[in-house]
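Asker: First, the structure itself, so that you have it in front of you.
Residue numbers (the numbering used here): 3 to 256.
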């Protein structure tokens with residue numbers, strides 16, 4: 003009985019390490035282009051560390067993954083999408099920095115999960131005429147950009163909103179991956195000083211933790227590139243929508 007309890011305690015001690023490794027691999031897979039699974043690494047790291055602490059550990063890993071995707075898919079970047087979203091995302095980051103400490107986490111989860119899930123349903127079931135009307139409306143970019151900036155600062159979980167934007171704009175697979183990587187690379191750089199000087203979630207200790215996880219992110223990137231190459235272009239958007247819908251439900255109940 004004592005041996006069983008001892009082994010159980012050791013397993014519990016190693017659980018945060020296992021979850022951190024798994025989260026790091028998923029970061030890489032997601033950043034390489036398998037979109038819609040990003041919420042998983044946010045949740046896994048939040049279980050391994052304190053939720054707010056985990057955001058500071060995760061941010062350097064995201065920047066590393068974004069940089070890889072930018073370099074690997076550099077020929078496919080579409081600049082107009084970057085210019086459309088970045089200003090609004092930056093405003094969302096600033097608003098989240100000022101209000102992050104007073105946000106009710108459960109209410110935030112419910113709101114974001116509902117918005118993401120409903121957006122996916124709309125895109126799956128409405129016809130192209132209505133879809134084009136929504137995506138071409140002047141408020142579409144600002145609304146999704148602002149919401150994505152706010153969400154990425156609060157919980158590094160803006161991926162689903164960005165996915166919806168790029169799919170609504172009917173962006174092809176590789177331009178989708180490269181342009182979204184460039185957007186998140188820039189916005190994550192903007193977030194760095196806020197994490198360092200305002201929230202103080204990035205420090206020497208957090209950077210050491212991030213450094214330990216970097217090889218596993220790289221492994222995930224290699225796996226992700228392989229998976230993306232195997233996905234047929236015409237099925238890519240549908241797959242990302244399904245994964246995004248599933249992640250919104252997972253995010254709600256995490």
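Where a beta carbon is used, it is the ideal one built from N, C-alpha and C, also for glycine.
(1) Decide yes or no for the touch test of the segment 173–180 against the segment 67–84: beta carbon pairs closer than 8 angstroms, at least 3 of them.
(2) Pull up the CB-CB distance for residue 204 and residue 40, whole angstroms please, since I reckon it's below 8 angstroms.
(3) Within the segment 46–76, note down every full alpha helix (DSSP H) run reaching 4 residues or more, in order along the chain.
(4) Are the Cβ atoms of residue 46 and residue 69 separated by less than 7 angstroms?
(5) Going by beta carbon distance, what residues of the same chain come within less than 8 angstroms of residue 115, once the five residues before and after it are set aside?
(6) Within its chain, find whatever has a CB closer than 6 angstroms to the CB of residue 32; leave out the 5 residues flanking it on each side and keep chain order.
(7) Between the C-alpha atoms of residue 241 and residue 230, what's the straight-line distance to the nearest angstrom?
(8) Mind listing, in chain order, the continuous beta strand (DSSP E) runs of no fewer than 3 residues lying wholly within the segment 144–201?
(9) Return the CA-CA distance between residue 190 and residue 89, expressed in angstroms with no decimal places.
(10) Identify, in the order they occur along the chain, each residue of the same chain with its Cβ nearer than 8 angstroms to the Cβ of residue 86, setting aside the five sequence neighbours on each side.
(11) Distance check for residue 198 and residue 214, CA to CA, integer angstroms please.
Answerer: If we stick to the structure as given:
(1) yes
(2) Contact doesn't hold; Cβ gap of about 19 angstroms is too wide.
(3) 53–74
(4) no
(5) 250, 251, 253, 254
(6) 39, 40
(7) 11 angstroms
(8) none
(9) 13 angstroms
(10) 143, 147
(11) 19 angstroms
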